[in-house]
Every structure is written in structure tokens, then in C-alpha cells.
Amino acid sequence: MDLIDYYNISTSRDWTGRVKSFKAIGSIGDGLTPILHKSAPQVAIFSARGPNIKDFSFQDADLLKPDILAPGSLIWAAWSPNGTDEPDYVGEGFAMISGTSMAAPHIAGIAALIKQKHPHWSPAAIKSSLMTTSTTIDRAGRPLQAQQTSETQGVKFVSATPFDYGSGHVDPRAALDPGLIFDVGFEDYVGFLCTTPGIDAHEIKKYTNSPCNYTMGHPSNFNSPSITVAHLVGSRTVTRTVTNVAQEETYVITARMAPAIAISVSPPAMTLKPGASRKFSVSLTARRLTGTYSFGEVLLKGSRGHKVRIPVVAMGYRR
Numbered sequence: 001m002d003l004i005d006y007y008n009i010s011t012s013r014d015w016t017g018r019v020k021s022f023k024a025i026g027s028i029g030d031g032l033t034p035i036l037h038k039s040a041p042q043v044a045i046f047s048a049r050g051p052n053i054k055d056f057s058f059q060d061a062d063l064l065k066p067d068i069l070a071p072g073s074l075i076w077a078a079w080s081p082n083g084t085d086e087p088d089y090v091g092e093g094f095a096m097i098s099g100t101s102m103a104a105p106h107i108a109g110i111a112a113l114i115k116q117k118h119p120h121w122s123p124a125a126i127k128s129s130l131m132t133t134s135t136t137i138d139r140a141g142r143p144l145q146a147q148q149t150s151e152t153q154g155v156k157f158v159s160a161t162p163f164d165y166g167s168g169h170v171d172p173r174a175a176l177d178p179g180l181i182f183d184v185g186f187e188d189y190v191g192f193l194c195t196t197p198g199i200d201a202h203e204i205k206k207y208t209n210s211p212c213n214y215t216m217g218h219p220s221n222f223n224s225p226s227i228t229v230a231h232l233v234g235s236r237t238v239t240r241t242v243t244n245v246a247q248e249e250t251y252v253i254t255a256r257m258a259p260a261i262a263i264s265v266s267p268p269a270m271t272l273k274p275g276a277s278r279k280f281s282v283s284l285t286a287r288r289l290t291g292t293y294s295f296g297e298v299l300l301k302g303s304r305g306h307k308v309r310i311p312v313v314a315m316g317y318r319r
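The UniProt record's numbering applies: residue 1 is where the sequence shown begins, and numbers increase by one.
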């Protein structure tokens, strides 16, 4: 007998379906000790991975996906009694579910709290606050691990990358006070589309009612809280604009990258008054052609304690 069947047989309900009493009895047998609790969170084996889908020139797009990691494995959540996706939970008000359907509500709830505290923030600003304050460290203080399929072990653990977790695992408390945000508006989205290789400008005008009068030079200049250069030939410099949503603060900007790609930032520091915006640039140079992606990050560390981190992803090509 399944556990849910035993629970239902042992449970007494009134005419509305509300539980009046239950007589189910359970016990713990061998008393196993959990061994992975300190390595949480991890990227689940079924979690979607990057890189982003191909652009219209059939190259990887210059935009990092996924964006962020959130709890989504074996979540006890509200369930429609009329739902038929899981036969064991038909007629139940709650179910234990895994997947994006569980991770998305966590992010949506945190976004709602951010909107409550900052009612005038745009969706892009809220997304930025979620991403730049996320963490890439587990509870034991080690880099996040990702589950992968193994022919011999069933599931193996490997070091996770931005293609596994995006910017990192969401941190609700930190997201309420990000210090800086990377904001974008309608024209920025249109400019990103118009700059995407191989795209049809007439189609963009058809669906956005905006001509391609504005471009950003390259899709990697889209002001997202991440940097992706999927096809790096020689060197490229990308720009980002940050807006201060806290008190006046001085930020020191540093960057690190895997050895195959050289990275530098300019300026090395900047001071922003409340509401002020400033640009900074990130330069990438392909040192070695490895045929694989290299990962790194840019960190803006504030004098008042804010830490704003964005992931960097790039692959070098000869041409």
C-alpha cells in the first residue's frame, strides 16, 4: 500500500472534505543519518541548463540562461483537488511536487515582497535585485554542486557553473536591499532585438510598433545583470549602467575569469549618490581557444556593505 493510500484510509473527513481526525501511525526504522544536508542547495538533476537557445545566426545567444536558482525539489505545496497530473494526489489540497512549477512561485513571492518595499521599481529592477544578490556558495561554505546523470553511480555531483544556476541561489533578505540595480526599459529590449544577428527588422516593427532606429552595437551590451559573449574573436568591451538605490556609497570594482579569457574593468572604483547612475566597462580578450566556455564574475563591493555580483560567460574563437 502506498503511503498516501494509507493516510487516506486512516483519515476521517466531513462533508466538505476537511479533516476531522486521522489515525495513521508511522515510525522511523533504521534511523539513517542525512549526509547531504550541509551541501544544500544543489542544482537538481532535472533542472534546465544553459546555454541560451541559438540566435538567428545559429550561434549561442549573448544572454545568460538560466537567470537564477530557487527551491524546487519535493516542495509541499497547494494543489487543486481536481488536478489529475499526479494520480496519488487527486482530491487532495496539497501535494509534494518538483520542478519549475515550484521554483517559480518562490521567485514570484520574493519579487512581490520587493515590489511591496519598492513600489516604483520596474520588473527589470526587481530581476536585477534578485540576481545580483544571489549566492554561489552552499551551507558548508563550498561552491554550489550540480547533480548529473552517471552511468555507474546513478547521480554524480560536479561543480556547478552559471549554465546550471544562472547568477546563483536566490537570497530573499539580500534582494530587498541590493544597493545597485541594472535597469532597462522598452527601448532597450527593442535595441537588443534589433542587434541580434540575423533577425528581421520588419518583424520587430510588426510586433513592437518600433523601428530599428536604436541599436546597442552588440547584444552583449544589453544592460542585464550578467555578461555573455558566446563568440569572442580577439577582444570585446561591453558596458553596463548601474543605478544607486541606497545611500551614497563608493564601490570598488574587481573581476576574475578562467585563464583562457583575460578580463579587466574600468573604472576601478566609483562613488554614486542616491538615485545616480554610472557606466562601467568590462573588457574580455581570448587568450586560448579551448572550445569550451569560460566562467567568471564582476564584483562591485560597496563601502556600506553592499555586494553586487554579476556572472561572466565567454568562449574564444579564431574568427
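By construction, the Cβ of each residue, glycine as well, lies at the ideal position given by its N, Cα and C atoms.
Helix, strand or coil for residue i? Go by DSSP, reduced to three states.
i	result
Met270	strand
Arg278	strand
Asp5	helix
Gly302	strand
Gln247	coil
Phe163	helix
Pro178	coil
Ala260	coil
Arg173	helix
His231	strand
Ile310	strand
Phe22	strand
Ile253	strand
Leu193	helix
Thinking C-beta only, is residue j closer than 9 Å to residue i?
i	j	result
Leu232	Met315	yes
Thr285	Ile310	no
Phe186	Phe222	no
Ile170	Leu289	It should be noted that the sequence gives Val, not Ile, for residue 170. Not in contact: Val170 and Leu289 (Cβ atoms no closer than 9 Å).
Gly50	Phe182	no
Gly168	Lys65	no
Ser224	Val265	no
Pro178	Ser101	no
Val295	Val313	A quick correction: the sequence has Phe, not Val, at residue 295. Going by C-beta atoms, Phe295 is nearer than 9 Å to Val313.
Tyr251	Ala276	no
Tyr293	Thr161	yes
Glu297	Ala255	yes
Gly302	Leu144	no
Leu272	Val242	yes
Glu248	Pro267	no
Arg139	Ala40	yes
Applying the criterion that 16 or more other CB atoms from any shown protein chain within 10 Å of the CB defines a buried residue, is residue i buried or exposed?
i	result
Thr132	buried
Asp14	exposed
Lys127	buried
Leu3	exposed
Tyr207	exposed
Arg240	buried
His202	exposed
Phe280	buried
His306	buried
Thr84	exposed
Ala103	buried
Ile253	buried
Gly29	exposed
Looking at C-alpha atoms only, which residue of the options is the closest neighbour of residue i?
i	options	result
Gly93	Ser73, Gly141 and Val19	Val19
Val155	Thr239, Thr100, Gln42 and Leu3	Gln42
Ala125	Thr136, Ala112 and Thr215	Ala112
Thr215	Ala77, Gly198, Val190 and Ser27	Val190
Ala175	Asp62, Ala108 and Leu272	Ala108
Arg304	Ser283, Leu74, Ala246 and Ser159	Ala246
Ser235	Arg318, Thr292 and Glu297	Arg318
Pro219	Ala24, Ala48, Pro259 and Asp60	Asp60
Gln147	Asp138, Val229 and Ser159	Ser159
Ala44	Gly83, Ile75, Ala255 and Val238	Ile75
Pro211	Asp188, Val229 and Ile227	Asp188
Asn244	Gly29, Arg278 and Asn213	Arg278
Ser226	His106, Val282 and Ser21	Val282
Lys23	Ser12, Thr16 and Ala258	Ser12
Does any CB atom of chain D fall closer than 9 Å to the CB of residue i?
i	result
Pro225	In the structure shown, chain D does not exist; there is a single protein chain.
Checklist entry - Counting only runs that start and end within the UniProt domain "Peptidase S8/S53" (24-142), where is the beta strand (DSSP E) found for 3 or more residues in a row? => result 75-78 and 94-97
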